[in-house]
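These notes are about the structure you will find just below.
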Amino acid sequence: MSATGAPVTVLGLRQAADQEASTLPPLMLAAEQLARTVQMGFHGKRRAGMGEEFWQYRPMHAGDEVRFVDWRRSGRSDAQFVREREWQLAQTLHLWVDDAASMRFTGMETGRAARPEKGARARLLALALAILSVRSGERVGLTGALVNPKPGRGQIMTLAQMMSQAGEVDDYGIPETSAVRAQSKVVFLSDFLGDPQRMAESLRRLSGRGVTGVMLQVLDPVEEDFPFDGRTIFESMSGSLRHETRKAGDLRERYRLRLAERRDRLAQMAHAAGWQFGTHHTGETAQAALLWLHSALERGR
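Residue numbers for the sequence shown follow the numbering used here, beginning at 14 and rising by one.
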């Protein structure tokens, strides 16, 4: 029976579900579908957290509370050590999805279906990962102060609405990490085509607080292959940068070399911070990228 006393039919339940689904952001629906295609796995492993059973000692990091210091163990050395217990409570995951203008790029290929924008793919992966994490009991939020980490489906709705808003006008983005909690996990999704030095500084600050995570570079295949010849005008998505050449093909090898050098530098930065780094092309399946993200987070625990 319904709240009004009227009998509830299968058709009525289906109509109610359809009506509720119609109010959800399209991103939410796509992320739910993607998340359903990925098995969680790997849970039940021993992790550091606020449980009851002792797991290990580790050096104290900036941001650790003094009450967790094991003074007996610390007294046997010049450093202070924290007594970690086996994970039993929720982990915290922060997400940064680059919404700068460069992420609106999508390469067009004659005779083929249009690929998603880099930003659209990044948002889909981030929200699907959030759904999987919340289902496993974790708290999820953004790296900035707009959405603090929380558990539950309501948080997923909040994230979906935030990610569905219009992006920035700047060509390239840099993560805002002011709200990232010590000892938490972070995922960056971006093309990482901006200033690598600023990204390196962000990673150093986070790793200094015991934060580990994953960097996933999202690129369009056109950005990887550089299939241009003859007279070509290159313009940034914001229109602030413009370059014209009559022999684009002559730039191909230099372009590919610089892209490879940037990727190597990003991988080295991630490794130095104790993070994982990977690359995903929008011409590939989102399922493969989501599986990699999940596995990378598990490897870093």
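Every residue, glycine too, gets a C-beta built ideally from N, C-alpha and C.
These numbers come from a predicted model, not from an experiment.
Whole-Å CB distance - residue i paired with residue j, under 8 Å assumed
i	j	result
A135	A44	Actually they are not in contact, since the Cβ atoms of A135 and A44 sit about 12 Å apart, beyond 8 Å.
I169	V147	6 Å
V110	H307	The pair is not a contact, with the Cβ atoms about 16 Å apart (cut-off 8 Å).
W188	R275	For the record, residue 188 in the displayed sequence is Pro; it is not Trp. No, P188 and R275 are not in contact; Cβ-Cβ is about 17 Å, not under 8 Å.
T171	V160	6 Å
Of the residues the options, the one placed nearest residue i, counting alpha carbons only
i	options	result
L354	A139, A114, R89	Summary: the structure shown does not reach residue 354, with the chain confined to residues 14 through 314, and so no result is reported for it.
G291	G157, F201, K260, G120	F201
E311	L42, W288, T190, S191	W288
S249	Y185, Q230, V224	Y185
G243	E257, V231, D233, V227	E257
P234	G226, L303, F118	F118
A302	A114, H284, V231	V231
S253	M282, S115, M212	S115
A158	Q281, L279, T190	T190
R217	L304, P38, A285, E297	A285
G221	H74, F247, M228	H74
A309	M228, P72, D91, L47	M228
Endpoints, the beta strand (DSSP E) within which residue i is located
i	result
H284	Unbroken run through H284 is the alpha helix (DSSP H), 265-285; no beta strand (DSSP E).
H74	It is not in any beta strand (DSSP E) - H74 carries neither H nor E in the DSSP assignment.
V199	198-203
W288	First-last for W288: undefined, no H or E at that position.
G154	152-155
V231	225-232
V110	105-110
E248	245-248
R80	R80 -> no beta strand (DSSP E), and no H or E assigned at all.
R255	255-258
Neighbour-count burial assignment, residue i, 16 or more Cβ in a 10 Å radius
i	result
H107	buried
K198	buried
M53	Note on M53: pLDDT 47, under 50, position unreliable in the model; the coordinate value appears next. Burial call: exposed.
T295	buried
D112	buried
R267	exposed
V153	buried
A299	buried
D204	buried
Element boundaries [alpha helix (DSSP H), containing residue i]
i	result
T171	166-176
E214	209-220
R312	299-312
R136	131-148
L47	39-49
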